[in-house]
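Just so you know, the sequence shown maps onto residues 0 to 188 in numbering that gives the first Met the number 0. Think of the CB as a built atom: it goes at the ideal place given N, C-alpha and C, for glycine as much as any other residue. Just so we're clear, the structure is a prediction, and the values are computed from it rather than from any experiment.
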Amino acid sequence: MPKGSLRELYIDELMDLYNAETQLTKALPKLAKASSNAELRQGFEEHLRQTSEHVSRLEQIFDMLEEKATGKKCLGMEGLVKEGAETMQEDYEAAVMDAAMIGAAQRVEHYEIAAYGTAREFARLLGEDEHVSLLQQTLDEEKQTDEKLTQLAAEINRQAQEAGEGKEYQGAEGGEGKRRTKSSSRRAA
Ligand SMILES: [Fe+2]
0 MPKGSLRELY IDELMDLYNA ETQLTKALPK LAKASSNAEL RQGFEEHLRQ TSEHVSRLEQ
60 IFDMLEEKAT GKKCLGMEGL VKEGAETMQE DYEAAVMDAA MIGAAQRVEH YEIAAYGTAR
120 EFARLLGEDE HVSLLQQTLD EEKQTDEKLT QLAAEINRQA QEAGEGKEYQ GAEGGEGKRR
180 TKSSSRRAA
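Now the structure itself:
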């Protein structure tokens, strides 16, 4: 393989993605745990399951390439995860915190959408049709997650705005307060 080939770049991009997804599997449980809104929490939990699937799709591709999935740290994802962690340290009202975490999560999704779009295109050019379909499946799920976050934000942002006016946070399982309680079973259908 000539040094600097598109194939080499492609493998580099895949390693970067693999590391990014692995970092996410550690960050998503923290976002889920810090979510007050039940639907948002379920959304993060669902995306964690998908992210494990994304990791295993990349592993399948590495197997086909007979390459090891190691050797790269995704600094972009590291920065996004750090920013998300900083956000969670803030002393926000529950609804405002949920709105902030949606913002952090959407940055992650857009980053991944860009990276998967690039990798899929490289795979297509290299004639790796099986890779294309695996990468496309993940890309579709990242886009769906982004759209779902946008939908959740519509309601949560409105409630975040109202939080400053002292109104109860409807989406929260505990119904009010900065931290959710486990006492309420109220959640969206
Ligand atoms: Fe992913």
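Taking 9 Å as the cut-off, decide whether the C-beta atoms of residue i and residue j are in contact.
i: GLU20; j: ALA118; result: no
i: GLN59; j: LEU133; result: yes
i: THR144; j: GLN49; result: yes
i: LEU16; j: ALA104; result: no
i: CYS73; j: ASN156; result: no
i: ALA26; j: GLU92; result: no
i: GLU141; j: GLU111; result: yes
i: THR86; j: GLY75; result: no
i: LYS147; j: GLY3; result: no
i: GLU82; j: ARG106; result: yes
i: GLN22; j: VAL80; result: yes
Going by CA-CA distance only, name the one from the options that's closest to residue i.
i: LEU64; options: GLN41, ILE10 and GLY75; result: ILE10
i: ARG40; options: GLU52, MET100 and MET14; result: MET100
i: GLU108; options: LYS166, LEU47 and ALA33; result: LEU47
i: ALA152; options: ASP128, ASP97 and HIS130; result: ASP97
i: LYS67; options: LEU27, ALA162 and MET14; result: MET14
i: GLU7; options: PHE121, VAL131 and GLN135; result: PHE121
i: ASP62; options: GLU129, ALA159 and LYS166; result: GLU129
i: ALA113; options: GLU127, GLY126 and ASP139; result: ASP139
i: ALA84; options: PRO28, GLU127, GLY126 and VAL131; result: PRO28
Looking at the strands, I want to know which residues DSSP matches up with residue i.
i: ALA171; result: ASN36
Start and end of the alpha helix (DSSP H) containing residue i?
i: LEU124; result: 93-124
i: THR69; result: Careful: THR69 lies outside any alpha helix (DSSP H) and carries neither H nor E.
i: GLU161; result: 128-162
Kindly list the residues whose CB is nearer than 8 Å to the CB of residue i, restricted to its own chain and excluding five residues on each side of it in sequence; keep chain order.
i: ALA187; result: With a pLDDT of 38 at ALA187, under the threshold of 50, the modelled position of this residue cannot be trusted; read the value that follows with caution. The answer, listed in chain order, is ALA37, GLU38 and GLY170.
i: SER51; result: THR24
i: ALA94; result: SER35, ASN36, ILE155, GLN158, ALA159, GLU161, ALA162, TYR168, GLY170 and ALA171
i: VAL131; result: ARG119, ALA122 and ARG123
i: LYS166; result: GLN158
Return the chain-ordered list of same chain residues with a C-beta closer than 7 Å to the C-beta of residue i, the five sequence neighbours on each side being excluded.
i: THR137; result: HIS53, ARG56 and TYR115
i: GLY70; result: MET14
i: LEU5; result: PHE121, LEU124 and LEU125
i: GLU127; result: none
Looking only at its own chain, which residues have a Cβ that is under 6 Å from the Cβ of residue i, when we skip the five neighbours before and after it?
i: SER184; result: Low confidence applies here, because SER184 scores a pLDDT of 36, under 50, leaving its location unreliable; read the following figure in that light. If we look at SER184 and ignore the five residues flanking it on each side, it has no Cβ neighbours.
i: GLU44; result: ALA31
i: ALA33; result: MET87
Would you say residue i faces chain D, with C-beta separation under 9 Å as the test?
i: ALA162; result: As a matter of chain content, chain D is missing from the structure shown, which is built from one protein chain.
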